[in-house]
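A short write-up of the structure that comes next.
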Amino acid sequence: MPVSAEVHDLCRTMFAENDVHLALHVLNTYEGEQSDRVHEAVIKLSKGDLHLLASWVSGVRERGLETLFWFAGAMEPGATEKQIFGAGWMNSFYNKNRLASPGDGS
Numbered sequence: 739m740p741v742s743a744e745v746h747d748l749c750r751t752m753f754a755e756n757d758v759h760l761a762l763h764v765l766n767t768y769e770g771e772q773s774d775r776v777h778e779a780v781i782k783l784s785k786g787d788l789h790l791l792a793s794w795v796s797g798v799r800e801r802g803l804e805t806l807f808w809f810a811g812a813m814e815p816g817a818t819e820k821q822i823f824g825a826g827w828m829n830s831f832y833n834k835n836r837l838a839s840p841g842d843g844s
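Reading the sequence shown from the start, the letters are residues 739 to 844 in this note's numbering.
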């Protein structure tokens with residue numbers, strides 16, 4: 739399912755010009771319900787990082803929509819400290835997995 743015009747515009751504001759096409763490709767891998775809302779949430783949580791975007795999209799399948807939207811609340815005014823900490827922790831976790839080489843035991 740192609741992304742909406744709003745999501746495409748958000749990608750252009752969050753990702754480097756050379757990465758927009760790749761970001762849209764990653765977003766197209768999510769074919770579940772509430773796709774526009776999911777796309778917007780994962781874009782904001784990724785903060786313009788393609789690896790984080792792919793990790794958040796993959797995490798939707800593992801953790802479900804309710805959990806994703808809870809984390810995405812960290813990017814909104816009025817976010818709780820738990821949401822902000824949780825989203826930051828998940829981004830750190832995803833980054834740690836990016837930096838760990840296969841088979842190094844990390």
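Heads up, the beta-carbon is just placed ideally off N, CA and C, and yes, glycines get one too.
Asked	Found
First and last residue of the uninterrupted alpha helix (DSSP H) at S784	773-784
Outcome for E778 when other beta-carbon atoms lying within 10 angstroms are tallied against a minimum of 16	buried
Same chain only: Cβ atoms within 6 angstroms of S786, ignoring 5 sequence neighbours per side	Before going further, note that residue 786 is Gly rather than Ser in the sequence given. The residues are M752, F753.
First and last residue of the uninterrupted alpha helix (DSSP H) at F807	803-810
Cβ contact (3+ pairs, closer than 8 angstroms) linking the region 757-774 and the region 794-810	yes
Coarse secondary structure for T751, derived from DSSP in three states	helix
Close-in-space but distant-in-sequence residues of the same chain around G802 (CB under 6 angstroms, 5 per side omitted)	none
Neighbourhood of L790 by C-beta distance below 8 angstroms, restricted to the same chain and skipping five residues each side	L783, S784, N829, Y832, N833
Range of the contiguous alpha helix (DSSP H) that encloses V764	758-765
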